[in-house]
Amino acid sequence: EPRRTMNASECVAKGCALQCAILSPTFKVKEFQVNESFPFPISMSWKGHAPDGQNVAAEGQQSTIVIPKGSPIPCLKAVTILRSGALTVDLQYADVTELHA
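The structure is reproduced here in structure tokens:
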């Protein structure tokens, strides 16, 4: 878990100093890799008409987590939803209690 005590100015200054050291032939810098990931799960909910021949219960709102917490950025998700009419799709954080104020 990374520390969160550094302010934006310090972060930029340290990043610039590190990049200068990486580019300089006089400094040896240990190689590292930064992996970005989603800090919170993202869910998708949809509501629309069920395909022909299915029961009315399938027309209710349904939801699923499409991007789990810790998924790498960028990520690509393909979702297939079978509907014959209008469709409403919403994406939101899966658990808003995890968000910090």
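Using this note's numbering, the letters of the sequence shown correspond one by one to residues 4 to 104.
Positions of the beta carbon are idealized from the N, C-alpha and C atoms, including for glycine.
None of these values were measured; they are calculated from a predicted model.
In terms of residue numbering, what span does the alpha helix (DSSP H) encompassing S87 cover?
It is not in any alpha helix (DSSP H) - S87 carries neither H nor E in the DSSP assignment.
Could you check what DSSP says for G18 in three-state terms: helix, strand or coil?
DSSP places G18 in the helix class (H, G or I) of the three-state scheme.
Going by C-alpha distance, which of C14, E39, L26 and G18 is nearest P77?
Distances from the CA of P77 to each of C14, E39, L26 and G18 were compared; the closest alpha carbon is that of E39.
If you draw a straight line from the alpha carbon of G63 to that of G51, how long is it in whole angstroms?
In this model, G63 and G51 are separated by some 7 Å (Cα to Cα).
Using a Cβ-Cβ cut-off of 7 Å (strictly less than) and excluding sequence neighbours within five positions of K80, which residues of its own chain qualify?
Excluding residues within five positions, the ones whose Cβ falls inside 7 Å are V69 and I70.
Run the CB neighbour count on V37, radius 10 Å, all protein chains shown included, and call it buried at 16 or more, exposed below.
Answer is exposed; the Cβ neighbour count stays below 16.
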